[in-house]
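Here the structure comes first, spelled out in structure tokens, and everything after it is commentary.
In the UniProt record's numbering, the protein residues as written are 1 to 131.
In structure tokens form, the structure reads like this:
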């Protein structure tokens, strides 16, 4: 069975990403067979620069989900000790995203954590190789 077949919701708009030391970012969360991608929404021409998160799902060590009335939150604890908090509008979308992450992270794949861990990184602008 392909990983893509296990993804129930591939795209969710209006997701808020919170990370220690960074301002919250609102954007679109996309789930692929191996990555979580979050791309922020630009604010006008002279506004905030676009931010992106590319997270390899196999680097997620633990997930926690909390549900409220019509929304939910997922906390991702990565193997490099980063903690990401996703606030997802819509209870069904939150449950689907959480189950997709759980299924993918439990699949056994080797993870190589080198000295320059770039698997879980937020970058700005058009040059993603800047550190």
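C-beta atoms are modelled at their ideal positions from N, C-alpha and C, and glycine is treated no differently.
Whether residue i touches residue j by CB criterion (9 Å)
i	j	result
residue 16	residue 26	yes
residue 104	residue 29	no
residue 86	residue 18	yes
Inter-residue Cα distance where the pair is residue i and residue j
i	j	result
residue 91	residue 68	8 Å
residue 98	residue 62	11 Å
residue 84	residue 8	21 Å
residue 34	residue 75	18 Å
residue 24	residue 89	15 Å
residue 41	residue 50	7 Å
residue 96	residue 21	28 Å
residue 58	residue 14	24 Å
residue 79	residue 101	14 Å
residue 60	residue 77	6 Å
Same chain only: Cβ atoms within 7 Å of residue i, ignoring 5 sequence neighbours per side
i	result
residue 94	65, 67, 71, 72, 74 and 88
residue 32	none
residue 10	30 and 31
Other residues of its chain near residue i: CB distance less than 6 Å, five sequence neighbours each side excluded
i	result
residue 39	27, 28 and 52
Runs of beta strand (DSSP E) lying entirely within the UniProt domain "MTMR6-9 GRAM" (23–99), each at least 3 residues, in chain order:
The beta strand (DSSP E) runs of length 3 or more contained entirely in the UniProt domain "MTMR6-9 GRAM" (23–99) are, from start to end of the chain, 25–31, 35–40, 51–56, 60–67, 71–78 and 83–89.
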